[in-house]
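Here the sequence shown is numbered in my numbering, starting from 21 and rising by one per residue.
Beta carbons: idealized from backbone N, C-alpha and C, even for Gly.
The next block holds one structure in the form of structure tokens; read it before the comments.
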Amino acid sequence: MRVLLVFARSASGVDGPRSVFGDAPVSRFTKFKDSVLQRLIQRAQFAVPPMALMVLSSIEVEGVEQRICDMRFDELPLDERWDLVGITVHTGAAREAFDVARRFRARGTKVVLGGPHVTLFPDLCANEADSLVIGEADDLWRVVLEDLKRGALKARYQSDALPDLSIYRPVSKRALDIKRYFTTNLIQTSRGCPYRCDFCNVYVMNGNRSRHRPIEHVVAEVERFLKEDKRIFFFVDDTINADRAYATELFTKLIPYKIQWVGQATTLLGQQPEVLEAFAKSGCKGLLLGIEGVTDAANHSHRKFQNKENALVRNVKAIRQAGICVYGSFIYGLDGDTLETPRRLYDFIEETEIDVPGINVLRPIPGTALFDRLAAEGRLMFPKDDIYAFRYSWGQELLCKPKNISIEDFIESYCDLTKKLFTFKNAFKRALNAPAIPHAILMFNLAYIQMYGLSRRDLRQQLSRLKQTSPERSRSFSLDAKASPNSAFRL
Ligand code: B12
Ligand code: SF4
């Protein structure tokens, strides 16, 4: 039996930044430059394989052959015969995923959907598939494939408990075209998160505590992966240092393998010397830190309590001093933010010498506590019930009204901040200053000149469209400053 696993690309963002206002007039040169850079950025920067589909295609069932179609690279093989098509559905790319489902179903092929959006909104997905898999599918996928063989596919698969991660489940790369990716060494050591930031839903989908794979399984995976691909490793865990003892033991055991790796950690790492040392010695070259806001007021307004204002600068500096580059992930537009925030973000980035700053706009993902709250407060700028309205982009559109800043001031201050941060001079300065992987730091910063330029163009386009819409619409989005000071932020 032949099973195809599909990863759909999103409308814009890391899968290749494109304007979300495609019909807005731009010069021919800009059009050409955008399309060249879009392809370059997609290939060079973020092209890692979809881990969920690696996991599913590693589950072996006799008589079943599984293939991956990554739509960032491949055309859909619509004319081949498939016994089942499985599609991973992310909320911001649900439109694309459902479109793929419809095209296969129109040809009589059975479709099963899974992934974060299905886990969060099974009822909204039911009409788009023959079968749904709700939640983590490590055990359920085998059941689906066995049922397929028996011709007895069920409408829903869901288990009462989260999968037991202590079971040995080796991840294989056999369904991947290894060469096309930036790296295929993706490893997940844990699932779930002990925190509850209101703009996130990891703790809802994967549980509110960390569950770990046994250390020996992870070490064996590193050893096996190294035989096929010697490139950098990406530990996809959301908070790789959440469990200090586990992280210290795991990465100490990885020291002899002399790998290079990147991952995602909390800022508390700066206060965990033993973990930091194990990370640095085992080849950690860069970490994404979810800093979000630089004040307690901003972070606490979104239930992010683990980042303490008075420790943030020290923690970031400690991590960089250990030889690890920092990708600082910030959010502008948090409820505690004011027009003073861009200057504070800028000063923080200068003081800590963060290697790659990422300035995100607050995005209410459906299914998060933030989404529900903003919907109740009437601050969403898209229809609550339109599941297609929320799409992944690169901060190119404002999706909710900031609490203390008018939309106009917000967009202008965002533009000023990102213009000042992402320049050729800063890109080279950050690369020269980087504690490790200077080429990657340069590449990221250069790509961001283009990507944030696109965001500015699109946000201004959104603003001018908002101003042109009917009086009721612009009044409901309140373009007039409610509580914002008059002085727009200028650097
Ligand atoms: C690694 C990662 C990335 C990487 C790699 C993405 C990639 N190419 O795979 C990078 C950094 C590039 C990235 C980018 C983005 N990401 Co991301 N990312 C993650 C992260 C941390 C881990 C995902 C992962 O690999 N998990 C491991 C696999 C094994 O687990 P899984 O994906 O949950 O899959 C299981 C089940 O869902 C299910 N399943 C999944 N697919 C399918 C399909 C079928 C057919 C079946 C049966 C089952 C099934 O079975 C799997 C095994 O149990 C998650 C957070 C998290 N903890 O999940 C966020 C997460 C997936 N990302 C998210 C977001 C928002 C983004 C971005 C939009 C960020 C941005 N602003 O640009 C982009 C979008 C890119 C894109 N098109 O997907 C959100 C998605 C929310 C949602 N409701 O859809 C998450 C959940 C984080 C969050 N805070 O909410 N991301
Ligand atoms: S943002 Fe990070 S720390 Fe907060 S709940 Fe999500 S995964 Fe956990």
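Cα-Cα separation between residue i and residue j, rounded to whole angstroms
i       : j       : result
Val-282 : Thr-489 : 45 Å
His-110 : Leu-60  : 24 Å
Thr-50  : Arg-229 : 47 Å
Pro-505 : Phe-448 : For Pro-505, the pLDDT reaches just 32, beneath the cut-off of 50, and the residue's location in the model is therefore unreliable, although a value from the coordinates is still provided. Near 35 Å, if we compare the C-alpha coordinates of Phe-448 and Pro-505.
Cys-420 : Ala-396 : 12 Å
Pro-142 : Leu-308 : 31 Å
Phe-124 : Phe-52  : 33 Å
Arg-48  : Leu-466 : 22 Å
Ile-469 : Ser-78  : 38 Å
Asn-327 : Phe-350 : 12 Å
Gly-128 : Leu-152 : 17 Å
Ile-344 : Arg-176 : 44 Å
Arg-155 : Leu-359 : Contrary to the premise, residue 155 reads as Gly rather than Arg in this sequence. Approximately 40 Å between the Cα atoms of the pair.
Tyr-412 : Asp-180 : 30 Å
Thr-287 : Ile-311 : 7 Å
Gly-353 : Glu-329 : 17 Å
Pro-422 : Asp-355 : 7 Å
Thr-259 : Leu-206 : 15 Å
Ser-494 : Lys-487 : Note on Ser-494: pLDDT 47, under 50, position unreliable in the model; the coordinate value appears next. C-alpha separation (whole angstroms): 6 Å.
Arg-38  : Glu-82  : 42 Å
Asp-119 : Leu-270 : 42 Å
Ser-498 : Ser-484 : With a pLDDT of 42 at Ser-498, under the threshold of 50, the predicted position of this residue should be treated as unreliable, though the coordinate-derived value follows. Computed Cα separation, rounded: 14 Å.
Ile-187 : Leu-332 : 38 Å
Arg-244 : Gly-212 : 25 Å
Ala-460 : Lys-337 : 20 Å
Nearest-angstrom beta carbon gap, residue j and residue i [assumed within contact, 8 Å]
i       : j       : result
Thr-204 : Pro-69  : 6 Å
Ile-107 : Ala-121 : 6 Å
Asn-221 : Leu-140 : 7 Å
Leu-437 : Ala-451 : The Cβ separation is near 21 Å, so there is no contact.
Val-239 : Leu-274 : 7 Å
Leu-289 : Ile-339 : 6 Å
Arg-323 : Asp-218 : 5 Å
Gly-415 : Ser-321 : Their Cβ separation, rounded to whole angstroms, is 19 Å, which puts Gly-415 and Ser-321 out of contact at 8 Å.
Val-23  : Trp-102 : 7 Å
Ala-113 : Arg-29  : 7 Å
Ala-67  : Phe-202 : 5 Å
Under the three-state DSSP convention, the category residue i falls into
i       : result
Arg-231 : strand
Ile-154 : strand
Gly-353 : coil
Leu-307 : strand
Pro-422 : coil
Leu-133 : strand
Tyr-434 : helix
Asp-500 : Because the pLDDT of Asp-500 is 38, which lies under 50, any placement of that residue in the model is unreliable, and the question is left without a value.
Arg-510 : Reliability of the predicted coordinates at Arg-510 is poor, the pLDDT of 30 falling under 50, and the value obtained from them is presented with this limitation in mind. Note: Arg-510 maps to coil in three-state DSSP.
Ala-195 : coil
Ala-512 : Absent from the structure is residue 512, since the part of the chain shown begins at 21 and ends at 511.
Trp-161 : helix
Ala-460 : helix
Asp-184 : coil
Tyr-412 : coil
Val-26  : strand
Pro-377 : strand
Arg-176 : strand
Cys-220 : coil
Residue i beta carbon near the ligand SF4 (any heavy atom closer than 7 Å)
i       : result
Val-295 : no
Gly-310 : yes
Proximity test, residue i beta-carbon vs the ligand B12 heavy atom, cut-off 7 Å
i       : result
Gln-208 : yes
Met-91  : no
Glu-156 : yes
Gly-283 : no
Asn-319 : no
Ile-385 : yes
Tyr-412 : yes
Ile-275 : no
His-137 : yes
Pro-70  : yes
Ser-192 : no
Trp-102 : no
Ser-30  : yes
Ile-107 : yes
Leu-185 : no
Ala-146 : no
Leu-382 : no
Ala-389 : no
inquiry  = Any residue with its Cβ nearer than 6 Å to a heavy atom of the ligand SF4 should be included. What is that list in chain order?
reply    = Any residue whose Cβ sits closer than 6 Å to a heavy atom of the ligand SF4 makes the list: Cys-213, Tyr-215, Arg-216, Cys-217, Cys-220, Val-222, Tyr-223, Asp-258, Thr-259, Gly-310.
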